[in-house]
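Participant: Sharing a structure with you now.
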Amino acid sequence: MFEELKERVYCANMELPKYGLVTFTWGNVSEIDRKSGYFAIKPSGVDYDRLNPEDMVIMDLLGNKIEGRYNPSSDTATHIELYKAFAGIGGVVHTHSPWATSWAQAGRGIPCYGTTHADYIYGEVPCVRCLHGREFDAYEKNTGRLIAEAFADRDYQAVPAVLCKSHGPFAWGKDGFEAVHNAVVLEEVAKMAARCEILSPQIKPAPQELQDKHYYRKHGANAYYGQKN
0 MFEELKERVY CANMELPKYG LVTFTWGNVS EIDRKSGYFA IKPSGVDYDR
50 LNPEDMVIMD LLGNKIEGRY NPSSDTATHI ELYKAFAGIG GVVHTHSPWA
100 TSWAQAGRGI PCYGTTHADY IYGEVPCVRC LHGREFDAYE KNTGRLIAEA
150 FADRDYQAVP AVLCKSHGPF AWGKDGFEAV HNAVVLEEVA KMAARCEILS
200 PQIKPAPQEL QDKHYYRKHG ANAYYGQKN
């Protein structure tokens with residue numbers, strides 16, 4: 000019944016090892032069909048080289064499994080909260096990619112030090128706090144809620160990624176493939192930022208005027224980067 004959605008999510012998941020974003024089974028991609036309210040997600044703990052499209056698990060936004068022989072990703076509840084909070088997204092990805100995760104473990108957001116970052120992400124990639132106390136009783140769900148709260152005063156489409164302190168990154172996009180694309184960009188800018196601080200410990204973020212120029216030439220009503228057709 001959901002063959003096309005499963006195929007898309009399978010292919011998006013296979014992009015993670017291709018771009019070096021996952022080790023073993025440390026990652027997952029989902030994509031939602033907004034019309035039905037169902038989404039497909041990678042099964043929990045299944046090696047990438049053993050995955051097939053039919054292994055993707057179909058879920059609803061109440062956390063019910065609709066179709067699939069495997070249990071869904073352990074991060075499913077986080078994906079659900081992001082889909083509920085961010086109406087304009089269609090895909091979510093979570094990895095433990097090493098450079099982005101290093102910033103997360105340090106509890107630091109990633110500043111915008113240059114135009115590579117500014118081309119894709121408007122300003123700092125935030126790092127949300129650790130959960131604590133009773134929040135661990137619904138760990139994955141509360142992780143999603145914490146991310147949503149952090150974006151109450153941020154544009155989740157202009158900043159399509161976040162770090163969770165002592166954990167790792169999440170990214171999102173209009174579909175699963177754009178979410179993976181943003182996760183790849185996040186990993187690259189995390190690497191560049193870390194090296195930048197090594198080379199110049201007193202470095203400051205790029206001038207706001209430069210950040211604005213690079214972001215808005217690719218995004219928004221007056222964007223002119225790329226081809227029209």
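The sequence shown runs 0 to 228 under numbering that gives the first Met the number 0.
Glycine included, each C-beta is placed from N, C-alpha and C at the ideal position.
1. Taking a contact to mean a Cβ-Cβ separation below 8 Å, would you say LEU185 touches VAL127 in this structure?
2. Rounded to whole angstroms, how far is the Cβ of SER73 from the Cβ of GLU6, which I believe are closer than 8 Å?
3. Candidates ALA222, ASN141, PRO42: which alpha carbon is nearest TRP25's?
4. Would you identify the three-state DSSP class for HIS93, choosing helix, strand or coil?
5. Since I believe TRP171 is in contact with ILE88 (beta carbons under 8 Å), could you give me their beta-carbon distance rounded to a whole number of angstroms?
6. Quick check: the segment 34-53 against the segment 213-227, are at least 3 beta-carbon pairs closer than 8 Å?
7. Between which two residues does the beta strand (DSSP E) containing ALA137 stretch?
8. Just the C-alpha distance for ASP211 and MET55, rounded to the nearest angstrom, thanks.
9. Using only CA atoms, which one of GLY44, CYS163, ASN181 lies nearest to SER101?
10. Grab me the residues of THR176's own chain with a C-beta within less than 6 Å of its C-beta, minus the 5 sequence neighbours each way, in chain order.
11. Quick check on DSSP: helix, strand or coil for VAL188?
12. Quick one: grab the DSSP three-state call for VAL158.
13. Please go through the same chain and pick out, in chain order, the residues whose beta-carbon is closer than 8 Å to the beta-carbon of ALA103, but skip the five residues on each side of it.
14. If you follow the beta strand (DSSP E) that LYS212 is part of, which residue opens it and which one closes it?
15. Who are the Cβ neighbours of GLU134 in its own chain at under 6 Å, not counting the five residues just before and after it?
16. Name the DSSP beta bridge partners of GLY167, please?
17. With DSSP collapsed to three states, give me the class of PRO204.
18. Among the residues of its own chain, which have a CB less than 6 Å from the CB of TYR155, if the five just before and after it don't count?
19. Would DSSP call TYR37 helix, strand or coil?
Facilitator: Taking the geometry as given:
1. Cβ distance not < 8 Å, so LEU185 and VAL127 don't count as in contact.
2. That pair is no contact at about 23 Å.
3. For TRP25, the nearest C-alpha among the options comes from PRO42.
4. Correct three-state label for HIS93: strand.
5. Confirmed, Cβ separation roughly 4 Å.
6. Counting C-beta pairs closer than 8 Å gives fewer than three between the segment 213-227 and the segment 34-53, which falls short of the contact rule.
7. For ALA137, no beta strand (DSSP E) segment is defined, and its DSSP state is neither H nor E.
8. Going by the C-alpha atoms only, they are around 39 Å apart.
9. Nearest C-alpha to SER101: CYS163.
10. The question names Thr, yet the displayed sequence has Phe at residue 176. The residues are ALA11.
11. In this structure, VAL188 counts as helix in the three-state DSSP scheme.
12. Collapsing the DSSP output to three states places VAL158 in coil.
13. Contacts found: CYS126, LEU162, CYS163, LYS164, SER165, HIS166, GLY167, PRO168.
14. Taken as a continuous stretch (DSSP letters only), LYS212 belongs to no beta strand (DSSP E), being part of the alpha helix (DSSP H) at 207-215.
15. So the qualifying residues of the chain are ASN141.
16. Its beta-bridge partners are CYS163.
17. In this structure, PRO204 counts as coil in the three-state DSSP scheme.
18. Spatial neighbours of TYR155 in its own chain (CB-CB distance under 6 Å, excluding positions within 5 residues in sequence) are listed in chain order as PHE85.
19. TYR37: strand per DSSP, three-state reduction.
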